[in-house]
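Written below as structure tokens is the structure these notes are about.
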Amino acid sequence: LCGLLVSSISILARSPASLSLCLLSGFFIWCSHITLSPFCYGEGRILREPLQYCDTYEVEFGPGTHITVLEKNDVIKPPAVAIFSPSKQEIQEKSKATLVCLASGFYPDTLNLVWKVNGAERTEGVGTDETSTSYENTYSLTSRLRISSQEWFNPLNRFECVANFFKNGTQESIHKFIYGDAGCIIFKENYQRSATAGKFLYIMLILKSILYGIFVMGMMLRSK
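All the letters of the sequence shown, read from the start, carry residue numbers 678 to 901 under our numbering.
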């Protein structure tokens, strides 16, 4: 490795190790005993460890850590992010709604997806693929958020998917969001109005029948 320029090393620590992202960026490896300190950007603990060039260097990472080494001419590609609405069949059959976030076309595969509901991070009901899917030298990653149908059928609720990735030594984010569906609320309001009108009509018919019965009985008693 003597004389090799390592453009960057990106480290994505997945659960159960950590959810933080880290990037060790740009250092030369020379045949000398000069000790320099590579630097690290990202969330979590900042790493500043001496590196003995042209020598062995042992680093310990927790289980689930993923390391990507970029060459000098590698191009970092940001993801295209999209959110897909839940299926009507799931809502009707299970009273649940699953939103899907798809990040595609990115490189390298060090990317993290986070769900937010009304600006607050949501971890309950979230399921994210363990590894990215490779396609034509790029990657894609899918994450799902499962909520109740009542939460989905609220147009005031904002569901947001955030894709965090590293580019040129800094962390960048792409945000996509959708709002809850108002269709069911309108349906429920119309249903409640119709049900109320139906109950009122039913009560009126009963009262009318009672009054008619009293009238008939009065006529019969009068005729006797």
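Think of the CB as a built atom: it goes at the ideal place given N, C-alpha and C, for glycine as much as any other residue.
query, result
"contact_flag[the stretch 849-856, the stretch 807-822] where n(CB pairs < 8 angstroms) is 3 or more", "no"
"Exposure label - residue 689; buried when at least 16 CB within 10 Å", "Reliability of the predicted coordinates at residue 689 is poor, the pLDDT of 46 falling under 50, and the value obtained from them is presented with this limitation in mind. Buried."
"Cβ neighbour criterion (16 or more within 10 Å) applied to residue 830", "buried"
"Spatial neighbours of residue 753 in its chain, beta-carbon cut-off 6 angstroms, leaving aside the 5 residues before and after", "844"
"Cα-Cα separation, residue 780 to residue 758", "4 angstroms"
"Cα-Cα separation, residue 786 to residue 873", "56 angstroms"
"Among 782, 841, 847, 770, the one whose alpha carbon lies nearest that of residue 813", "782"
"Cβ separation of residue 826 and residue 768, assumed to be a contact under 8 angstroms, to the nearest whole Å", "5 angstroms"
"Residue ranges of each beta strand (DSSP E) within the stretch 777-851, 3 or longer", "788-794, 797-799, 803-805, 810-812, 815-825, 835-844"
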